[in-house]
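Reading the sequence shown from the start, the letters are residues 73 to 176 in the working numbering. Yeah, the Cβ is synthetic: ideal placement off N, Cα and C, and Gly gets one too. Below is one structure, written out as structure tokens; comments come after it.
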Amino acid sequence: MKYDKAVGKLTKDRDVLLAFYDFPAEHWKHIRTTNPIESTFATVRHRTGKTKGCLSRKTGLAMAFKLMMSAQTKWRKLDGANRMPEIIQGIAFKDGIKQLQTAA
73 MKYDKAVGKL
83 TKDRDVLLAF
93 YDFPAEHWKH
103 IRTTNPIEST
113 FATVRHRTGK
123 TKGCLSRKTG
133 LAMAFKLMMS
143 AQTKWRKLDG
153 ANRMPEIIQG
163 IAFKDGIKQL
173 QTAA
């Protein structure tokens, strides 16, 4: 096979790669992307790079905090936010569908 190592890694880590299916389907698109995190850190990195010589540790942390708080106002609300209590309670989902508990 041409890509033995790649296939081996995908096979070995299959459960981890597909773990987002254990959450409500409404949450999948949020779980599969790290864009909000990357975008926020890119903004902080850009600003701190422009003011490199003007910052002490304390002012740098304050600026980063303010930039992150500002970025937070532009984030989209989580689709299916009403499902969060179910996740916190530990209710199981399979393929995005809530699993009913059966009495044993």
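For Met-140, the enclosing alpha helix (DSSP H) has its first and last residue at 129–144. Taking Asp-94 as the centre and dropping the five residues before and after it, the same chain places the C-beta of Ala-164, Phe-165 and Lys-166 closer than 8 Å to its C-beta, in chain order. Pairing Gly-152 with Pro-96 gives a Cβ-Cβ distance under 7 Å.
Checking the DSSP bridge columns, you'll see Lys-166 partnered with Ile-169. Judged by beta-carbon spacing, Thr-112 lies beyond the 7 Å limit of Met-135, meaning their Cβ atoms are not closer than that value. Counting the other CB atoms within 10 Å of its CB gives His-99 a total of 16 or more, which places it among the buried residues. Residue state for Phe-113 is assigned as helix, using DSSP reduced to three classes. Sequence-distant partners of Lys-101 (beyond 5 residues in either direction) whose C-beta falls short of 8 Å from its own C-beta, in its chain, are Asp-151.
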